[in-house]
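Trainee: Protein chains in written order, with my numbering: chain A, 1 to 85; chain B, 1001 to 1151.
Cβ coordinates follow ideal geometry from the N, Cα and C atoms, glycine included.
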Amino acid sequence: MQITVLYFARLKESLKYSTEQLQLPAGVDTVAALMQHLASRGDAWQAMFSGQQAIRAAINHALVGTEAVIKAGDEVAFFPPVTGG
Amino acid sequence: MEVRVQLEDFDAGAEISRLRLARRDTGAVAAFIGQVRDINDGAEVSTLTLEHYPGMTEKALQAIVQQAATRWALHDALVVHRYGCLQAQDQIVLVVTTSPHRGDAFSACEFIMDYLKTEAPFWKKEASASGERWVEARSSDDSAKQRWQSQ
């Protein structure tokens, strides 16, 4: 299935990506699985998604946990803990 | 209940007056303004750049304001949050709440700020003489939010 992935703040800078259309391999259907999939790209991706960095995720503009299920057409976003206000 | 995410500065006095005068049965107006400090963690800050997630930010703020409105007797609430490049003493955020009595206005205003700090997708990056750095989230912000959950 195809999804849109967005990256913000430190992630966007380190990965040098702000958004991408991604075709997910079969079996990658949760936020945790997607993070593992992205970490397998190596280098900065591995550094960001292998668990050492605190990362928050949102699906279709709602904060979710890593167990959340991804569906075709979803907008999935990854970012560091927020620091507004 | 209105939320705005904008580049431009805001006129806090005008916004407060607008909400204060909107209803004759309003007896209390609480307001909070957050502004850029020239120093953070002991280091001088020359500019502060705020990034956000367009689309999600507005929804997150709206959800926080709605939650406040179900907990307290509010007449109205307003959140204005800026993004982009800011300097010391620039205004970052405005929260205004109105209610019949002060207790509800005070609590709702603080609740909205505490939730905004941990749930609204904004990220701050500081620039100083020694370079740029992303501001780290504070655990004190998490505990400020948690105290509302145990009440």
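Do you know offhand how far Leu-6(A)'s Cα is from Thr-1057(B)'s?
Mentor: 14 angstroms
Trainee: Check this for me: beta carbons of Ala-44(A) and Leu-15(A), under 8 angstroms apart or not?
Mentor: The Cβ atoms of Ala-44(A) and Leu-15(A) sit closer than 8 angstroms to each other.
Trainee: Kindly confirm or deny that the stretch 60-70 of chain A and the stretch 27-44 of chain A touch, where touching means at least three C-beta pairs closer than 8 angstroms.
Mentor: yes
Trainee: Can you tell me the Cβ-Cβ gap for Leu-1116(B) and Ala-1031(B), rounded? I've got them flagged as a contact below 8 angstroms.
Mentor: In this structure Leu-1116(B) does not touch Ala-1031(B) by the C-beta definition: roughly 14 angstroms separates them, more than the 8 angstroms allowed.
Trainee: Under 8 angstroms between C-beta atoms, does Gly-1042(B) make it to chain A?
Mentor: no
Trainee: For the stretch 1091-1110 of chain B, which residues have a CB atom closer than 8 angstroms to at least one CB atom of chain A, in sequence order?
Mentor: Ile-1092 and Val-1093
Trainee: For chain A, find out if any of its Cβ atoms is closer than 8 angstroms to the Cβ of Ala-1012(B); answer yes or no.
Mentor: Chain A contact via Cβ: absent.
Trainee: If the cut is a Cβ gap below 7 angstroms, which residues of chain A does Thr-1118(B) touch?
Mentor: Val-82
Trainee: Applying the criterion that 16 or more other CB atoms from any shown protein chain within 10 Å of the CB defines a buried residue, is Gly-84(A) buried or exposed?
Mentor: buried
Trainee: Ala-1022(B) and Trp-1072(B) look like a contact to me (Cβ under 8 angstroms); what is the Cβ gap, rounded to whole Å?
Mentor: Not really, about 17 angstroms apart at Cβ, beyond 8 angstroms.
Trainee: Taking beta-carbon pairs under 7 angstroms, can you tell me which members of the stretch 49-82 of chain A lie near chain B?
Mentor: Legend: CB atoms of the stretch 49-82 of chain A lying less than 7 angstroms from CB atoms of chain B belong to residues Ala-58, His-61, Leu-63, Ala-77, Phe-79, Pro-80, Pro-81 and Val-82.
Trainee: Put Phe-1032(B) into one of helix, strand or coil per three-state DSSP.
Mentor: strand
Trainee: Using only the alpha-carbon positions, how far apart do Tyr-1053(B) and Val-1065(B) sit?
Mentor: 18 angstroms
Trainee: In angstroms, rounded to a whole number, what distance separates the CA positions of Gln-1067(B) and Ala-72(A)?
Mentor: Taking the straight line joining both Cα atoms gives about 30 angstroms.
Trainee: In chain B, which residues lie less than 9 angstroms from Gly-27(A) when you measure between Cβ atoms?
Mentor: Those do not exist, as Gly-27(A) stays about 27 angstroms from chain B at its closest Cβ, beyond 9 angstroms.
Trainee: Kindly give me the distance between the Cβ atoms of Thr-1097(B) and Ala-1077(B), rounded to whole angstroms, as I take these residues to be in contact under 8 angstroms.
Mentor: Here Thr-1097(B) really is in contact with Ala-1077(B); their C-beta atoms are around 5 angstroms apart, less than 8 angstroms.
Trainee: At a CB-CB cut-off below 9 angstroms, which residues of chain A make contact with Glu-1002(B)?
Mentor: Result: empty, since nearest Cβ-Cβ is about 18 angstroms, beyond 9 angstroms.
Trainee: Beta carbons nearer than 8 angstroms to chain A: which residues of the stretch 1043-1066 of chain B have them?
Mentor: Leu-1050, Glu-1051, His-1052, Tyr-1053, Gly-1055, Met-1056, Lys-1059 and Ala-1060
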